[in-house]
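Report on the structure given below.
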Amino acid sequence: MEVKAALLNTLQQISALLGQIEPHEYRQPLDEYDGSTLGQHFRHILEFFICLEKGRPEGRVDYASRERNLLFEDSPGIARQAIESFAEKLEQLDPSEKLDFVAEFGFEDRPSYQSTLGRELVFVYDHAIHHLAIIKIGLRCQFPHIQINKDLGVSPSTIKARMER
96 MEVKAALLNT LQQISALLGQ IEPHEYRQPL DEYDGSTLGQ HFRHILEFFI
146 CLEKGRPEGR VDYASRERNL LFEDSPGIAR QAIESFAEKL EQLDPSEKLD
196 FVAEFGFEDR PSYQSTLGRE LVFVYDHAIH HLAIIKIGLR CQFPHIQINK
246 DLGVSPSTIK ARMER
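According to the numbering used here, the sequence shown is numbered sequentially starting from 96.
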């Protein structure tokens, strides 16, 4: 499977999940997250997509320059609209497009590294999978009525390994 197809599948899973979560559930501080919320995790996922989208025109992506938009962590509907907007634009992206990304390892200078849009799409895909695994824990513990795809937050290599057992 190519990165855009894998990412589209994940974005569709996120959208479907956001459609099931009530605003009060989305904003509820959870002990499993040391008091942070589902909304904060979804916002975090979303803002990596936004950083990639905003950095593309100038060919420079900086994931540390997130806006931390509170609307995305307060409203599952607004987060869902943003996810669906990114999904609609995904097909038009050229994975071979060259760009740089700015790294952050501390408070000193921030080095820049050459990359491609495809590599950065893989990064935001992997990042989303990681946070969806965390989200799934909170959903299972606090909101068991919400339908969760069993493979949500599970990497393809893990799914494949499970199938081979």
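Ideal Cβ positions, reconstructed from N, Cα and C, are used throughout, including at glycine.
Between E168 and T132 a beta carbon distance of about 7 Å is seen, short of the 8 Å cut, so the two are scored as contacting. Take L185, set aside five residues on each side of it, and the residues of its chain with a beta-carbon closer than 7 Å to its own are K99, L102, L103, in chain order. 8 Å or more divides the Cβ of Q115 from the Cβ of I230. Per DSSP, the unbroken alpha helix (DSSP H) holding T105 starts and ends at 98-113.
In the DSSP assignment, Y208 is bridged to F196.
A direct Cα-Cα distance of roughly 11 Å separates H222 from E142. In the DSSP assignment, E179 falls within the alpha helix (DSSP H) that extends over 171-185. Residue state for R161 is assigned as coil, using DSSP reduced to three classes.
I173 and S252 have their C-alpha atoms spaced approximately 32 Å apart. Of the residues assessed, R235 falls on the exposed side of the cut-off, its CB having fewer than 16 other CB atoms within 10 angstroms. K245: not part of any alpha helix (DSSP H); DSSP gives it neither H nor E. DSSP places Q123 outside any alpha helix (DSSP H), giving it a letter other than H or E. Spatial neighbours of I178 in its own chain (CB-CB distance under 6 Å, excluding positions within 5 residues in sequence) are listed in chain order as L106, I109, S110.
Three or more Cβ pairs closer than 8 Å define a contact, and the segment 121-140 falls short of that threshold against the segment 198-214.
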